[in-house]
Every structure is written in C-alpha cells, then in structure tokens.
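K.L.:
Heads up: the protein sequence lines correspond to chains A and B, in order.
Under our numbering, think of the first position of the first sequence as 1, with each following residue one higher.
Under our numbering, think of the first position of the second sequence as 1, with each following residue one higher.
C-beta: ideal position from N, C-alpha, C; glycine also.
Treat the numbers as computed from the prediction; the structure is a model and nothing was measured.
Sharing a structure here in structure tokens format.
Protein chains: 2
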Amino acid sequence: MPAQKAHSGSSRARRGPPWTAENSAGFISPVGVAIDVVLLSVRDGALSLVLVRDDDDQLVLPGGFVLDTEDAEAAASRHLREKTGVEAPRHLEQLKTFTDPSRDHRGWIPSLAYLALVPPETDLSGERALWQSLSDGVPKLGYDHTGILEIALDRIRGKLWWSNIAVGILPGEFTMTRAREVYEAIAGIKYDPSTFARDLNHTALVEPTREHVMTSRGRSAALYRFVSDDLVWGEGRRKRVRG
Amino acid sequence: MPAQKAHSGSSRARRGPPWTAENSAGFISPVGVAIDVVLLSVRDGALSLVLVRDDDDQLVLPGGFVLDTEDAEAAASRHLREKTGVEAPRHLEQLKTFTDPSRDHRGWIPSLAYLALVPPETDLSGERALWQSLSDGVPKLGYDHTGILEIALDRIRGKLWWSNIAVGILPGEFTMTRAREVYEAIAGIKYDPSTFARDLNHTALVEPTREHVMTSRGRSAALYRFVSDDLVWGEGRRKRVRG
DNA sequence: AGAATAGTGTCTGTAAGACAATATGAA
DNA sequence: TTCATATTGTCTTACAGACACTATTCT
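Here's what the structure looks like:
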C-alpha cells in the first residue's frame, strides 16, 4: 500500500468522483481524517499566521491527512514540518472538529482544527508557505478556513489573561515591554505599560530572572520568564481584550 | 449494505481481530467515527449525569457511531434518543476529539466527546440508562470516559458565569432561588442568596418576567427568564467556582 | 405570633483603568 | 543636558464577598 502522504495536500484540488471507503465489517467508513492548523505568532507587533498556497493558488491553512499510525497531534506537527518547515510548535491545542460529511468534495473526511504557536523569529522553509499579518483584518481563505481562523483568534484571546498561553510566542526570557507588545497584538488593544506590568506580575505566571538588558536607548529593563513552560491556568485577570 | 447502527454500541465489548478499512484510492482509512456524550443536569440539588450499562456491565457514557449521512451533532442527538430516550438536549457542544489509533480495540475509530444539557425533570426511557449523581464524587467509568467527564465538568464550570449555559438546565421561567441551586450544583460551592441575585442580574443575561409564584412557604418569588435561549456570552462575572 | 423564604441595603477589600512622577541609561 | 524607555506610585471606579436588615406569606 502506498504511503498515505501521497494523497494529502497537493491532490486536494483534484475534482472527480468522491472517494469511498468500507470497513471489514461491511460498513461505510470515512475516507480519511484530516487536520488543519492555525499557526500563529506575533511578528513586528502584528498577530500573524502561516498560510500555504494550494494547487488552485488559494491561500489555505497548512494541513493534511492523519495516518493510521499516529494521533492527530502528531499529524499536525508532521504536516507543519513538511509544509512550512516549522520543527515543533511551542504550543498545540485542539480547536474543533468538523464532521459534515459533505464538507470535503473528495469524500467523507472529518477534519480536526488545531491552534499552534511559535516564537516570532520562526522562519519558514517551504516554498509555498508564507507569514500573513492580521493587522489589516482577517484574510479570505479557501474552504472553511476563514471560520477556523476566527475560532482560533477567539480561543487565544479568551485564554490570554487566564493562562500562560503567551509562553508559546514569547522567548524564554523577555522584558515587560516585549511581553506587552505580544499581549497587545493578541488582544487587539493597547495596555498602559505600568498597569500591564502590575497585572501580569499579579497573575503569578511570570517571575523575574534578576537579570537586566539594554534594549536600545533608555533605562535597562528587567527580564522575566514564565514559571511553567506548559500551559497552565492562572488566577485570571478580568482585563479588556479586543475593545 | 446493513445499517451502520448494527455495529454501534452493543457490540462494543466484542473481542476478536480489529476491523480494518480501506478507501477507494487504496489507502488505510478509519473504521468509523464515534461520539460519546456527557449528558448533565441538576437533580435534587446535585449535578447528575446519564450513564448506560454496556454489554460488559460497565458504566459508560451514551454514544455510538456516526453515520455517513449525518454530522456528529446529529449522531449525538440520535444516540441520546435511542439509548436514553432523551428527545433533544437543550444544549449540545463539542468538547474534544480523541484520535489515538489504538484507543479502541475494534480498530481505528476517532471519537468526538460532547457535552449535553437537559432540564432536571427529563426522564429516561432506555432500560440500560440511569441518572448518576455526582454529589459523592466522579464515578469510575469504562474506557477513557472518566477523563471525558472531567473535561465536561471543567467546561461547564468555566462557562457558568461567562455565558448563559445554565439555560440548558433551568426551566424557561425560574426563581432566583431555583437558579441559585443550579449554579451552586454546577460550581460546587454555595453562593450568598442576595449577592447571587445581584450578580446574576448584573450579567444582563436574565430578565424579570414581572410574574410571581408561591414556592412553598414564605414570600412569593419573582420569576426570571434568560434573554436568549441560545448560548451567548455575557459581560462575565469573576465569581468563585469550585472553591 | 412565629417560622420560612424573598429581597434590599451597606460595608469592605481587591481589581483594573488612567495617568502623574521618578529612575536609569544613551546620545 | 536632553531624550527615551523603564518603573513606581496614586487616584478612582467597579466588582464581589459578607452580612445585617426589611418584606411577604404561610401555619
């Protein structure tokens, strides 16, 4: 049997009769399981995502089929690596599964949407992959991918002040100003610098490293790090987002 | 081809060689897609869920296979109806999809977990279905269902004061005391009656009907209703839960 | 009258927005 | 010295917990 990879991604645009599948008990079964990944970061002060150009020249989310030897998280990481060159996202979480049997013209293919985060300096290797800034609004994507992107943005904004989810984007050590830029890009609003620092410290999700750095001009800034590299929930700050 | 229903649910306990499936393009495909539903309500002041007894006499969540003619929400409603007699849950939302290919001994079967809510007076018709109170802790369930239940409880607690999710459990019109009992059962803590009323009103998710009812003894109580029957997000109250 | 339930009013500590004032380092 | 950035401090409003007090209706 040929590798499943052969029918993933690049053949998506192909038309023709849909595929079918049947299991050994004689019942109709899905043709496959797919994943789509919303890979976000904050670049040059703007929330940005990775898109790939498919065979129809549409901009779509990176994704592809799940193999029978891996779970969906592994498939998401694998397709990111193959299609965008991103080795391992710092954060990966499930968003929603789309199950309408007619959602994919190739046949009955449930699709799992994922949210992934990487640091800003992440470079892409695939020729078809590109960073797209969200500062000018949400771009129109192929298939149902615009809707998936909206879900991803709701999710990361919803978690911003209630978890350490920004650990997926910020470097290991960062200044308050750096953190604020990332939070502002995600939230879509500006925060007062002093209030921001007070409230982020108040979450107890970050701790000072006792080191200082010069950024450009002006006073040197204290460095902070997240207490945990894994996703954890904090006390929660009821701070404005997207106002 | 026989109805897919024949291989759902009751045959789950059967051992033997796993099923396999292949699609018309010659690739391995999932054997099927399943759903499992955490159906919750508040009965006699206790958060309760519906369980069914499977062929191995294990207590498990109601669920079964998704057909190629329906999406997963429809499958969840259908299996609830068939296995528990619950006609249509007042609320149904996706929790998480489990995709480990080895999670089901019958073969490669991704499973979607759902949270469903019904009013307390909902009676069950299936002989194998029962209401289980959660007041004495979380019961041990078969398969990975205990973990799914934990996710469901986290979800409903997380949304309690940020959405009108209780609309799935409370009757169309209710007193503040009734609402408080439901919120307390979900949150797992007690609320001060006057503070509760003040804060629930403050969400603007409920409105008074201008009617009053006698409950048993004491002063008559004002009736309220949720402004929307669909799930909506409120301003959000930063109230304690599960303390 | 007394008990039981519903509802109002008030006090207090904390949270979060706004912004003034000070500290530190480079040009 | 002057500018730019970082950090501390203050003021104010709103929120949420606690709880005293009033209102209504039944036995």
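Any C-beta of chain B sitting closer than 9 Å to the C-beta of E279/A?
P.N.:
Any answer about residue 279/A is impossible in this case: the structure gives chain A only from 1 up to 243.
K.L.:
Looking at the structure shown, is E173/A part of a helix, part of a strand, or coil, going by DSSP?
P.N.:
Working through the first sequence from its first residue, we reach residue 173/A at position 173. DSSP places E173/A in coil when its eight states are reduced to three.
K.L.:
Under three-state DSSP, which class holds N164/B?
P.N.:
Position 164 of the second sequence holds residue 164/B. Residue state, collapsed to three classes: coil.
K.L.:
Along the beta strand (DSSP E) that carries K96/B, what are the first and last residues, could you check?
P.N.:
Locating residue 96/B in the second sequence gives position 96, where the first residue counts as 1. Run containing K96/B: 91-98, per the beta strand (DSSP E) assignment.
K.L.:
Beta carbon of V52/B, beta carbon of G147/B: below 9 Å?
P.N.:
Along the second sequence, read from residue 1 onward, the residue named residue 52/B stands at position 52. Along the second sequence, read from residue 1 onward, the residue named residue 147/B stands at position 147. Contact flag unset, no.
K.L.:
For the region 16-27 of chain A, list every residue whose C-beta sits within 8 Å of some C-beta in chain B, in sequence order.
P.N.:
For the region 16-27 of chain A, which is checked against every Cβ of chain B, the residues closer than 8 Å are W19, T20, A21, E22, N23, S24, A25, G26, F27.
K.L.:
Considering just the uninterrupted stretch of the alpha helix (DSSP H) at F196/B, what are its terminal residues?
P.N.:
Here the question's residue 196/B lines up with position 196 in the second sequence. Where F196/B is concerned, the enclosing alpha helix (DSSP H) stretches over 193-202.
K.L.:
Considering only heavy atoms of the ligand FMN, does any lie closer than 8 Å to the CB of D36/A?
P.N.:
What this structure holds is no ligand at all, so the ligand FMN is not there to describe.
K.L.:
For G32/A, return the contacting residues in chain B, with the cut-off set at a CB-CB distance below 8 Å.
P.N.:
Walking along the first sequence from the start, residue 32/A turns up at place 32. Near G32/A (Cβ distances below 8 Å), the residues of chain B are N23, F27, S29, P30.
K.L.:
How would you list, in chain order, the residues of chain B whose beta-carbon sits under 9 Å from the beta-carbon of L112/A?
P.N.:
For this step, residue 112/A is matched to residue 112 along the first sequence. Correct list: T97, T99, P110.
K.L.:
Check for me: the beta strand (DSSP E) holding H212/A runs from which residue to which?
P.N.:
Mapped onto the first sequence, residue 212/A falls at position 212. Element bounds for H212/A: 206-213.
K.L.:
Looking only at its chain, what residues have a beta carbon closer than 7 Å to the beta carbon of Q132/A, apart from the 5 residues adjacent to it on each side?
P.N.:
The count along the first sequence starts at 1 and reaches residue 132/A at position 132. So the list reads S48, L49, L51, P139, once near-sequence residues are dropped.
K.L.:
Using a Cβ cut-off of 9 Å (strictly closer), state whether V38/A contacts chain B.
P.N.:
On the first sequence, position 38 is the one that residue 38/A refers to. It does not; no Cβ of chain B falls within 9 Å.
K.L.:
Nearest-angstrom Cα distance between S220/B and D71/B?
P.N.:
Residue 220/B sits at position 220 when you count from the first residue of the second sequence. Residue 71/B sits at position 71 when you count from the first residue of the second sequence. Using only the alpha carbons, I get a separation of about 46 Å.
K.L.:
I'd like the span of the alpha helix (DSSP H) that includes R81/A, first residue to last.
P.N.:
Locating residue 81/A in the first sequence gives position 81, where the first residue counts as 1. Where R81/A is concerned, the enclosing alpha helix (DSSP H) stretches over 72-84.
K.L.:
Taking the straight line between their C-alpha atoms, what separation do you get for R240/A and S24/A?
P.N.:
Residue 240/A sits at position 240 when you count from the first residue of the first sequence. Residue 24/A sits at position 24 when you count from the first residue of the first sequence. The straight-line gap from Cα to Cα measures roughly 54 Å.
K.L.:
Give every residue of the same chain whose Cβ lies closer than 6 Å to the Cβ of T84/B, excluding the five residues on either side of it in the sequence, and list them in chain order.
P.N.:
Taking the second sequence and counting its residues from 1, the one referred to as residue 84/B is at position 84. Closer than 6 Å at Cβ, skipping near neighbours: V50, P62, L124, G126, A129.
K.L.:
Report the neighbours of V66/A on chain B: residues whose CB is nearer than 7 Å to its CB, in chain order.
P.N.:
Here residue 66/A is taken as the residue at index 66 of the first sequence, counted from 1. Within 7 Å Cβ-Cβ: T99.
K.L.:
For T69/B, return the contacting residues in chain A, with the cut-off set at a CB-CB distance below 8 Å.
P.N.:
Reading the second sequence from its first residue, position 69 is the one you call residue 69/B. Going along chain A in sequence order, the residues near T69/B (Cβ under 8 Å) are P101.
K.L.:
Quick check on A129/A: does DSSP put it in helix, strand or coil?
P.N.:
Walking along the first sequence from the start, residue 129/A turns up at place 129. Of the three classes helix, strand and coil, the one that applies to A129/A here is strand, per DSSP.
K.L.:
Return the chain-ordered list of same chain residues with a C-beta closer than 8 Å to the C-beta of T97/A, the five sequence neighbours on each side being excluded.
P.N.:
Within the first sequence, residue 97/A is the residue found at index 97, counting from 1. Closer than 8 Å at Cβ, skipping near neighbours: P110, S111, L112, A113.
K.L.:
In terms of alpha-carbon separation, which member of L39/A, G137/A, E93/A, P30/A lies closest to H105/A?
P.N.:
Here the question's residue 105/A lines up with position 105 in the first sequence. The shortest C-alpha separation from H105/A is found at P30/A.
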